[in-house]
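Here the structure comes first, spelled out in C-alpha cells, and everything after it is commentary.
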Amino acid sequence: MKIEGYELGGIVHMSALGPLWAATSSSGESVLISVYSSAFGESTLERWRAWSTITSPCVARLVDVVRHEDGRWALIQERVDGRPLDLLLGSDQLRPRGVREKIIEDLRCGVRALHAAGIVHGDLAPANIIVNGEKAVIVDLAVPVNEGEGSVGWSVSSHKTCESDWEALERIEKALETSAPSQERSSTAAAAKKGAVHELEADGLHRRKEGGLEDTREGIRSKKRAPQAAVLTTDEDAGSRLRVAAAREETMRIPVRHRRKIAPLGLLVLAAGVGLGVGLGMIVLSSSSPSTALSAESGLVCPSQEEAASALHRALEQRDHALESRDPLGLEEVIGGALLEQDRARIEAVKSSGMRFEALKTRIEVLADPSCDEGVVVVRVRLGEQSARVCEAEQCQELSGGEEFLFDLVASYPEWIWTQARAVEE
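All the letters of the sequence shown, read from the start, carry residue numbers 40 to 465 under my numbering.
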C-alpha cells in the first residue's frame, strides 16, 4: 500500500493524534509517516518549517511534508535505528562511563540544534531518545508539547522554554550519572531569547538568514546548498555517521496540485486509527501499564494454554463482529475497563465517518501456559493484523499484514473478560 509515494509498512506506534507508520521511500530510505488534520497542520506549520532546517546528526530529520487534497497533512520523518533510552537505563550497555558521556554529548548537540532553529522540544525524556551503540538521537518533534504536559519525572513543566529543555536534560544526566551543562544551558537559552534565528518579514513569512527553507506564496522551497550536501549517508559507526539535508527543490512542500493515491488519505488514517483487530487498541494502553508478574502460589488451578487460546479467539470474533457491524452491543461480554471504552470510541468514529469494515480477521498466538492469581489470569501472546477490507461508499481498500507485537493480556477469571494489555520487549 502506498501513501503519497511511500510504501507503507506496519504501524509502529499509536498516539492520541493517530498512527505512526513505518514506510519506505522510492529510493529505499526507511521513514516514518504520520497524518494530521488540516487545522492542526496549519497551526503547527511554522514548527515543521523550523524542524526542516536542522541538519544535526543528533536530531531526527524531517524528510517531507505534503498536503493532501482533503486538507490533511502527511509528515514524513527519518526512521532512526536503535532502542529508546528508557529501555537501556540500568543496562550493561550503559555501564561504560564513556558511552554515557557520549550519549550526553549528542543530546547537548541536539538540544543546541533545536534551539538554534527556534524549536523547544518540550518533552525531552528517555523515551524520546533513540540510542544506537554510543550514538543518541532526539526524536518526537512533530507535535508541540503544551505547558503542564510531558513525561512525569523528566519533562513536565509549567512553561515550555529553552530553559525547560535544559532542565530535562539535567535530569537525564543525573540518571546517567554524568555532569550537568549549566553554563551551556544559560548561554544557549539566552541566545534563543534574543531571537537570533528567525526574523519576521513584512509579508508575514519567516525566512532563515542563512540556508534552510525559503517560504513563498506558491509553497515551501528549500534554498540551494552546496552539491555535496545532496548526499545522505547512514553508517552504524558512530564516529562516521552523517546526516545532511538533501539539496532538492522541495525538501518540504505544499504542492499546488492535488494528488490522490490508491485510497483516500482519510480512509487509511481512520482504518489505522480505529484498529484492525484487537492489537492497536491494546498498544495505546501498553505504554502506561506497568508489568506485573503473577503466579499460581494461591493454590488456584490455572487454565491451560488451550483454554486461554479458546477464550481469546471468542473475544476476537466478538470484537471483529462489533467493528464490522458498527455496534458495540455484546462487547462487554468479552472486554472490560479501558479496552472496552476504547473500542466503543472506535466504533463511534467509524459510524460518524460513514466507513465500514468487511472481512476483518486478526491473527493471535498464545505462546505459553497462563500465569494466574485469585480472579486474574495473564496470557503471553503474539498479536498481529491478518486482513481487512475498509470501505467508504463504493470504494474499498484491502489491508493485510502488519507488524507483530508481544503482549501480556490480562483477564478476569473464570469470566474471561479482557481488561489490560502490557507490551513485552522481545
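No residue lacks a Cβ here, since even glycine has one placed at the ideal position from N, Cα and C.
Review point. What is the DSSP secondary structure of leucine 47, reduced to helix, strand or coil?
Key: strand
| field | Nearest to leucine 399 (by Cα), restricted to the options Gly375, Arg428, Ala407, Glu380 | value | Arg428
Straight-line gap, alanine 231 to histidine 198 (C-alpha atoms, nearest Å)
At alanine 231 the pLDDT is 43, less than 50, meaning the model places this residue with poor confidence; the figure from the coordinates comes in the next sentence. Roughly 15 Å between the two C-alpha positions.
Exercise. Is glycine 80 helix, strand or coil by DSSP?
Worked result: helix
Which residue or residues does DSSP assign as beta-bridge partners of serine 69? Answer is Thr63, bridged to serine 69.
Which same chain residues, not among the five before or five after leucine 59, have their C-beta less than 6 Å away from its C-beta? Val51, His52, Leu71, Ser73
inquiry  = Measuring only the C-alpha atoms, how far is phenylalanine 79 from leucine 163?
reply    = 22 Å
Between the CA atoms of glutamate 371 and serine 91 - distance to the nearest angstrom: When rounded, the separation of the alpha-carbon atoms in serine 91 and glutamate 371 is 46 Å.
Using the Cβ count rule (16 or more neighbours within 10 Å means buried), how would you classify leucine 47? buried
Problem set entry | Neighbour-count burial assignment, leucine 128, 16 or more Cβ in a 10 Å radius | exposed
Q) In terms of residue numbering, what span does the alpha helix (DSSP H) encompassing glutamate 152 cover? A) Per the sequence presented here, residue 152 reads as alanine, with glutamate not at that position. Residues 136-155.
query = Sorted by chain position, which residues of the same chain lie with C-beta nearer than 8 Å to serine 203's C-beta, five sequence neighbours on each side aside?
reply = Val159, Gly161, Ser194, Ser196
| task | Less than 8 Å between the CB atoms is what I'm expecting for valine 405 and alanine 347, so what's the real figure, rounded? | result | Confirmed, Cβ separation roughly 5 Å.
- Message: Which of the three DSSP states is assigned to glutamine 459 in this structure?
- Response: strand
Kindly indicate which three-state DSSP category leucine 56 falls into: helix, strand or coil? coil
State the beta-bridge partners of tyrosine 75 as determined by DSSP.
Trp112
Cβ neighbour criterion (16 or more within 10 Å) applied to arginine 118
buried
In or out: threonine 331 buried (at least 16 other Cβ within 10 Å) or exposed? Residue placement at threonine 331 is flagged as unreliable, the pLDDT there being 36, under the threshold of 50; the coordinate-derived value follows with that caveat. Label assigned to threonine 331: exposed.
Starting from the Cα of glutamate 468, find the closest Cα among Pro342, Arg421, Cys435, Asn171 and give me that residue. Past the boundaries of the shown model lies residue 468; the chain is included only from 40 to 465, so the question cannot be answered.
If you follow the beta strand (DSSP E) that aspartate 447 is in, where does it begin and where does it stop?
Here the beta strand (DSSP E) through aspartate 447 covers 444-451.
query: Based on the DSSP output, what are the partners of glycine 428 in its beta bridges?
result: With the sequence shown as reference, residue 428 is identified as arginine, and glycine is not the correct amino acid for it. Answer is Glu397, Glu437, bridged to arginine 428.
Next item on the list: State the DSSP-derived secondary structure class of glutamate 186, mapped to helix, strand or coil.
Entry: coil
From glycine 69 to valine 420, what does the alpha carbon distance come to, in whole angstroms? Per the sequence shown, residue 69 should be read as serine rather than glycine. Cα to Cα, serine 69 sits roughly 28 Å from valine 420.
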